[in-house]
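Trainee:
Numbering (the numbering used here), first residue to last: 124 to 586.
1. Leaving out five residues on either side along the sequence, give the residues of the same chain with a beta carbon under 7 Å from the beta carbon of residue 283.
2. Rounded to the nearest angstrom, what separates residue 341 and residue 250 at their Cα positions?
3. What's the C-alpha gap between residue 522 and residue 207?
4. Could you say which of 392, 459, 446 and 371 lies nearest to residue 478 if we only look at CA atoms?
5. Residue 188: buried (16+ other C-beta within 10 angstroms of its C-beta) or exposed?
6. Tell me where the alpha helix (DSSP H) around residue 567 begins and ends.
7. How about the stretch 361-371 and the stretch 255-275: do they share at least three Cβ pairs that are nearer than 8 Å?
8. Measuring alpha carbon to alpha carbon, tell me which residue in 356, 517 and 380 is nearest residue 332.
9. Can residue 454 and residue 489 be called in contact, C-beta distance under 9 Å?
10. Find the nearest neighbour of residue 400 within the set 423, 467 and 412, judged by alpha-carbon distance.
11. Taking just the CA atoms, how far does residue 295 sit from residue 575?
12. Per DSSP, what are the beta-bridge partners of residue 448 in this structure?
13. Is the stretch 411-430 touching the stretch 235-250, taking contact as three or more C-beta pairs under 8 Å?
14. Based on the DSSP secondary-structure assignment, which residues constitute the bridge partners of residue 377?
15. Can you list, in chain order, the residues of its chain whose CB lies under 6 Å from that of residue 534, leaving out five sequence neighbours each side?
16. Taking the Cβ atom as the reference point for each residue, do residue 375 and residue 325 lie within a distance shorter than 9 Å?
17. Taking a contact to mean a Cβ-Cβ separation below 9 Å, would you say residue 233 touches residue 328 in this structure?
18. Provide the residue span of the alpha helix (DSSP H) that contains residue 309, from first to last.
19. Consult DSSP for residue 247 and reduce its assignment to one of helix, strand or coil.
20. Excluding five sequence neighbours on each side, which residues of the same chain lie with their C-beta closer than 7 Å to the C-beta of residue 387?
21. Are the beta-carbon atoms of residue 536 and residue 563 separated by less than 9 Å?
22. By alpha-carbon positions, which one of 493, 458, 474 and 227 ends up nearest to residue 502?
23. State the Cα-Cα distance for the pair residue 429 and residue 413, rounded to the nearest angstrom.
24. Would you grab the beta carbon distance between residue 177 and residue 318 for me? Rounded to a whole angstrom, and I think it's under 8 Å.
25. Along the beta strand (DSSP E) that carries residue 184, what are the first and last residues, could you check?
26. Over the uninterrupted beta strand (DSSP E) stretch that includes residue 466, give me the two end residues.
27. Answer with buried or exposed for residue 542, where buried requires no fewer than 16 other C-beta atoms within 10 angstroms of its C-beta.
28. Kindly indicate which residue of 221, 248, 529 and 269 has the alpha-carbon position closest to the one of residue 416.
29. Run through the DSSP bridge pairs and tell me what residue 208 is partnered with.
30. Would you identify the three-state DSSP class for residue 270, choosing helix, strand or coil?
31. Quick one: what does DSSP say residue 521 is sitting in, helix, strand or coil?
32. Below 7 Å CB to CB, which residues in the same chain sit around residue 434 once its five sequence neighbours on both sides are set aside?
33. Beta-carbon within less than 6 Å of residue 552's beta-carbon, same chain only, minus the 5 sequence neighbours each way: which residues are those?
34. Quick one: residues in its chain with C-beta nearer than 6 Å to the C-beta of residue 514, no 5 flanking neighbours on either side, listed in chain order?
35. Find the nearest neighbour of residue 220 within the set 172, 260, 261 and 231, judged by alpha-carbon distance.
36. State the Cα-Cα distance for the pair residue 157 and residue 545, rounded to the nearest angstrom.
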């Protein structure tokens, strides 16, 4: 089995959900209603101007550099519930300084000499893009001077691509080969950092999750460095950290995941914390589980919450037994949310001996058709359904017990020639319409057929 959970979920949160679920077992008609009110943190797409905020108190932390790719964590930075100073600056529009350059320009110092491709001067607008997406892309292109290429319907030819590249290169040259987003932000940021240092505050640079200390370059190395290689820091962050080192400013190096855990995850409603933790646990384990006996296997539950409770009461609650559930957790029954929440809570609490395979109904399309979507929408809102769907996309699809018993929700596939293929299934993923993963979730043995044949789902959508 596998090692201890690396989940972000607080153990108290997980235990609380289990306790809340089990309280309903003696009340056959009871509904477990989870509290999902919280939170503006669900909306991670707010784009606001932020000029930093250096507080007056000496000795406090000042967030001097933070990776913007963690959208929820960045929201928490600018919402300032952490009560720290923030030197970071974000300018989302031309009126606020996007595309503006300092005098003298600092782009070459910050980013070195980069070609049009490295600076992202070719922006693509896909056919059928919504009016909102189109408007945002057009505003961004106007502010930064990049070329907005409207990709032709039916796809682009090689000639189309070459013409678009030439247009992007021309935009780069018209902007004096500088960063399209400008460097005015750097002028504001350096002023904030200097103010924090003058007040005796501790500068803090946050690195990508699990990459503290990686990706740093010196101010002199920037021109030749790979700024957007995804190691340690973002491209602009590498310039920020290099500048602070050049100035002789000391700074703490911390993990953005630690900030996210304290100021994002732990402030979310318990059910959301559980769903995010379950995703992490599933992805920490392979898509093909190799387990040892004894294991108690359980088939379809389909929202029959009290049947699930009776199974545990009869055979034993985790971790008394090792369990392997074979999928089919939601839809049809009236208590799919409680069923899934309890199973995921046990998975997070006992990741090394409680296993959940994905079934044919654990997908966005099937839950829309057979009840779980409506249950989530009625009780919690569509966002919770989306969060569940993301969990489904991370679940394993197959298990092998004692090198003898191969387990999946559906059946075998003509595309399966060796078990090593199962370890190469990429997640997160939706269920494809054909192929290996589709067969593992949907195929059914039929003693009347020799070899392989196509099948249709029955009226309930079951394989």
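Just so you know, even glycine gets a beta-carbon here, dropped at the ideal spot from N, CA and C.
Mentor: Short version:
1. Position 160 of the chain shown holds residue 283. These residues qualify, in order along the chain: 275.
2. Reading the chain shown from its first residue, position 218 is the one you call residue 341. Reading the chain shown from its first residue, position 127 is the one you call residue 250. Straight-line Cα distance between these residues: approximately 42 Å.
3. The count along the chain shown starts at 1 and reaches residue 522 at position 399. The count along the chain shown starts at 1 and reaches residue 207 at position 84. Going by the C-alpha atoms only, they are around 47 Å apart.
4. Here residue 478 refers to the residue found at position 355 of the chain shown. Cα-wise, what sits closest to residue 478 is 446.
5. Locating residue 188 in the chain shown gives position 65, counting from the first residue. Buried: at least 16 other Cβ atoms inside 10 Å.
6. Here the question's residue 567 lines up with position 444 in the chain shown. Where residue 567 is concerned, there is no enclosing alpha helix (DSSP H), given that its DSSP letter is neither H nor E.
7. no
8. Working through the chain shown from its first residue, we reach residue 332 at position 209. Among 356, 517 and 380, the Cα nearest to that of residue 332 belongs to 380.
9. Reading the chain shown from its first residue, position 331 is the one you call residue 454. Reading the chain shown from its first residue, position 366 is the one you call residue 489. In this structure, residue 489 lies closer than 9 Å to residue 454 by Cβ.
10. For the purposes of this step, residue 400 is taken as the residue at position 277 of the chain shown. Residue 467 is the option with its Cα nearest to residue 400.
11. Position 452 of the chain shown holds residue 575. Position 172 of the chain shown holds residue 295. Each residue's alpha carbon lies about 56 Å from the other.
12. Here residue 448 corresponds to residue number 325 of the chain shown, with the count starting at 1. In the DSSP output, where bridge partners are listed per residue, residue 448 has 421 and 479.
13. no
14. The count along the chain shown starts at 1 and reaches residue 377 at position 254. According to DSSP, residue 377 bridges with 329.
15. To locate residue 534, count along the chain shown from 1; it is residue 411. Same-chain partners within the cutoff: 566, 567 and 568.
16. Taking the first residue of the chain shown as position 1, residue 375 is located at position 252. Taking the first residue of the chain shown as position 1, residue 325 is located at position 202. The answer is yes: Cβ separation under 9 Å.
17. By 1-based counting over the chain shown, the position of residue 233 is 110. By 1-based counting over the chain shown, the position of residue 328 is 205. No, they are not a contact pair.
18. Residue numbering aside, residue 309 sits at position 186 when the chain shown is read from its first letter. Where residue 309 is concerned, the enclosing alpha helix (DSSP H) stretches over 307-321.
19. Residue numbering aside, residue 247 sits at position 124 when the chain shown is read from its first letter. Strand.
20. What you label residue 387 is simply residue 264 of the chain shown in a count that begins at 1. So the list reads 164, 195, 196 and 199, once near-sequence residues are dropped.
21. Walking along the chain shown from the start, residue 536 turns up at place 413. Walking along the chain shown from the start, residue 563 turns up at place 440. A contact, by the Cβ cut-off of 9 Å.
22. As a first step, residue 502 must be located in the chain shown, where it is residue number 379. Minimum Cα distance to residue 502 is reached at 458.
23. For the purposes of this step, residue 429 is taken as the residue at position 306 of the chain shown. For the purposes of this step, residue 413 is taken as the residue at position 290 of the chain shown. Rounded to whole angstroms, residue 429 to residue 413 spans 30 Å at the Cα level.
24. Position 54 of the chain shown, counting from 1, holds the residue named residue 177. Position 195 of the chain shown, counting from 1, holds the residue named residue 318. Indeed they touch by this definition, with Cβ atoms about 5 Å apart.
25. Within the chain shown, residue 184 is the residue found at index 61, counting from 1. From DSSP, the beta strand (DSSP E) with residue 184 extends over 184-188.
26. Here residue 466 refers to the residue found at position 343 when the chain shown is read from its first residue. Looking at the DSSP string, residue 466 is not in any beta strand (DSSP E); the run it does join, the alpha helix (DSSP H), is 459-472.
27. As a position in the chain shown, residue 542 is number 419, starting the count at 1. Exposed is the call here.
28. Counting from 1 along the chain shown, the entry for residue 416 is found at position 293. Answer by Cα proximity: 529.
29. For this step, residue 208 is matched to residue 85 along the chain shown. 185, per the DSSP bridge assignment.
30. Reading the chain shown from its first residue, position 147 is the one you call residue 270. The answer is strand: DSSP assigns residue 270 an E or B state.
31. Here residue 521 is taken as the residue at index 398 of the chain shown, counted from 1. In this structure, residue 521 counts as strand in the three-state DSSP scheme.
32. The count along the chain shown starts at 1 and reaches residue 434 at position 311. 421.
33. Translated into the one-based positions of the chain shown, residue 552 becomes position 429. Counting only Cβ-Cβ distances below 6 Å, and skipping sequence neighbours, we find 516.
34. The sequence position of residue 514 within the chain shown is 391, counting from 1. Excluding positions up to five away in sequence, the list reads 398, 401 and 402.
35. Numbered from its first residue, the chain shown carries residue 220 at position 97. Nearest of 172, 260, 261 and 231 to residue 220, Cα basis: 172.
36. As a first step, residue 157 must be located in the chain shown, where it is residue number 34. As a first step, residue 545 must be located in the chain shown, where it is residue number 422. Looking at the two C-alpha atoms, the distance is approximately 35 Å.
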